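Let me begin by presenting the structure, written as structure tokens, before commenting on it.
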Amino acid sequence: WDYEIRMAVERTDVVVVALSAKSVTKVGYVQKEIRLVLDAADARPHGQTFIIPARIDDAPVPRPLQRWHWVDASDDLWLERLVLALEKPRPRLAGGQD
Numbered sequence: 010w011d012y013e014i015r016m017a018v019e020r021t022d023v024v025v026v027a028l029s030a031k032s033v034t035k036v037g038y039v040q041k042e043i044r045l046v047l048d049a050a051d052a053r054p055h056g057q058t059f060i061i062p063a064r065i066d067d068a069p070v071p072r073p074l075q076r077w078h079w080v081d082a083s084d085d086l087w088l089e090r091l092v093l094a095l096e097k098p099r100p101r102l103a104g105g106q107d
């Protein structure tokens, strides 16, 4: 699965990282996937929204993800905000295919 996940992250325009009290404290593959997404974000143009953290419960947003605006499920409009963020046009990367 490692290869497929890496390729999917490279090809996608945006990644929603679901954060829960369990996921932010879990050791293992979840943390590895978050690091992979953070590395991919570093390769993107500055200012491009690539990661959207989504707080599912009262979980703290991990420091590496705090530089992005996140949506909070405790907000009644969280889903609408997430959809709006996902609908924003994003520039295609050079070499990308349409």
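The opening residue of the sequence shown carries number 10 in the numbering used here; numbering runs sequentially from there. Backbone N, C-alpha and C define an ideal beta-carbon position, used for all residues, glycine too. Treat the numbers as computed from the prediction; the structure is a model and nothing was measured.
DSSP bridge partner residues for residue i (one or two, in chain order)
{"i": "residue 51", "result": "Paired residue(s): none; residue 51 is not in a bridge."}
{"i": "residue 28", "result": "64"}
{"i": "residue 92", "result": "Partner(s): none; residue 92 has no beta bridge."}
Classification of residue i by the beta-carbon crowding that lies within 10 angstroms, buried from 16 upward
{"i": "residue 54", "result": "exposed"}
{"i": "residue 28", "result": "buried"}
CB contact flag (residue i, residue j, <9 Å)
{"i": "residue 98", "j": "residue 77", "result": "no"}
{"i": "residue 49", "j": "residue 70", "result": "no"}
{"i": "residue 32", "j": "residue 39", "result": "yes"}
Distance between beta carbons of residue j and residue i, contact taken as under 8 Å
{"i": "residue 91", "j": "residue 80", "result": "5 Å"}
{"i": "residue 66", "j": "residue 30", "result": "5 Å"}
{"i": "residue 20", "j": "residue 45", "result": "The pair is not a contact, with the Cβ atoms about 13 Å apart (cut-off 8 Å)."}
Own chain, CB closer than 6 Å to residue i, minus 5 neighbours either side, in chain order
{"i": "residue 25", "result": "61, 63"}
Sequence-distant residues of the same chain with beta carbon closer than 7 Å to residue i, five excluded per side
{"i": "residue 73", "result": "47"}
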